[in-house]
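Visitor:
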Amino acid sequence: MDNILFWLVPVASVLALCFAYYFHKQMMKESEGTPQMIKIAAAVRKGAMSYLKQQYKNRLKDAVLPEGDTINLSIYSGKGIDVEEMIAQADTMPFFAEHRLLLIEDSGFFKNANQQLADYIPSIPEGTIMLFVESEVDKRGKLYKAVNKKGSVVE
Numbered sequence: 001m002d003n004i005l006f007w008l009v010p011v012a013s014v015l016a017l018c019f020a021y022y023f024h025k026q027m028m029k030e031s032e033g034t035p036q037m038i039k040i041a042a043a044v045r046k047g048a049m050s051y052l053k054q055q056y057k058n059r060l061k062d063a064v065l066p067e068g069d070t071i072n073l074s075i076y077s078g079k080g081i082d083v084e085e086m087i088a089q090a091d092t093m094p095f096f097a098e099h100r101l102l103l104i105e106d107s108g109f110f111k112n113a114n115q116q117l118a119d120y121i122p123s124i125p126e127g128t129i130m131l132f133v134e135s136e137v138d139k140r141g142k143l144y145k146a147v148n149k150k151g152s153v154v155e
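Here's what the structure looks like:
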């Protein structure tokens, strides 16, 4: 009996993978649907990605800062962010916390290659965390390379 169970599990697993592969091939052969269905699917994907982006930001913020800590959180959003003000905020020590978090969203810094910020990134204080959430990024730019070298880049 044990011998049968020993072989049954691997055989069933391989069989399940074969069925999954077959169904995947069949599904990929089918059309995506009408233009209206394709448009709706794209909107659903975009909404799901926005939701996931929001969840990632919230989880990172909760992991870095104590609950309810708004003193050590600075949020910058959109084009036209004053880089000198942001750098001054980054240089400020955290207030009764381990970290200061700067959340920078859709700034365009990674697309327009902000030299001042690229020069500053290597000297960010230990207690400061800069979280960039960008929709367009030029991976060849100095800012991207500086951030990638100093910290982590997640897509």
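Using this note's numbering, the first residue of the sequence shown is number 1, and each one after it goes up by one.
Glycine included, every Cβ here is placed at the ideal spot set by N, Cα and C.
1. By the three-class DSSP mapping on this structure, what secondary structure does residue 133 have?
2. Which word fits residue 45, buried or exposed, when buried means at least 16 other C-beta atoms lie within 10 angstroms of its C-beta?
3. Helix, strand or coil: which one does DSSP assign to residue 65?
4. Only counting the same chain, and skipping five residues up and downstream in sequence, which positions put a Cβ closer than 7 Å to that of residue 75?
5. Assuming the contact rule is C-beta atoms closer than 8 Å, residue 83 and residue 114 should be a hit. Round their C-beta distance to whole Å, please.
6. Roughly how many angstroms separate the alpha carbons of residue 2 and residue 16, rounded to a whole number?
7. Helix, strand or coil for residue 30, going by three-state DSSP, please let me know.
8. When the Cα atoms are used, what is the spatial distance from residue 19 to residue 48?
Guide: Here's the rundown:
1. Start at 1 with the first residue of the sequence shown, and residue 133 comes out as number 133. In the three-state reduction of the DSSP assignment, residue 133 falls in the strand class, which pools E and B.
2. Your numbering for residue 45 matches position 45 in the sequence shown. Burial call: exposed.
3. The residue you call residue 65 lines up with position 65 of the sequence shown. In the three-state reduction of the DSSP assignment, residue 65 falls in the coil class, being assigned neither a helical nor a strand state.
4. Working through the sequence shown from its first residue, we reach residue 75 at position 75. The beta carbon of residue 75 lies closer than 7 Å to those of 103 in the same chain, with the five residues before and after it left out.
5. Counting from 1 along the sequence shown, the entry for residue 83 is found at position 83. Counting from 1 along the sequence shown, the entry for residue 114 is found at position 114. Yes, residue 83 and residue 114 are in contact; Cβ-Cβ is about 6 Å, under 8 Å.
6. As a working note, residue 2 is residue 2 in the sequence shown. As a working note, residue 16 is residue 16 in the sequence shown. Linking residue 2 to residue 16 through their CA atoms gives a straight-line distance of about 21 Å.
7. For this step, residue 30 is matched to residue 30 along the sequence shown. Coil.
8. Here residue 19 is taken as the residue at index 19 of the sequence shown, counted from 1. Here residue 48 is taken as the residue at index 48 of the sequence shown, counted from 1. Rounded to whole angstroms, residue 19 to residue 48 spans 28 Å at the Cα level.
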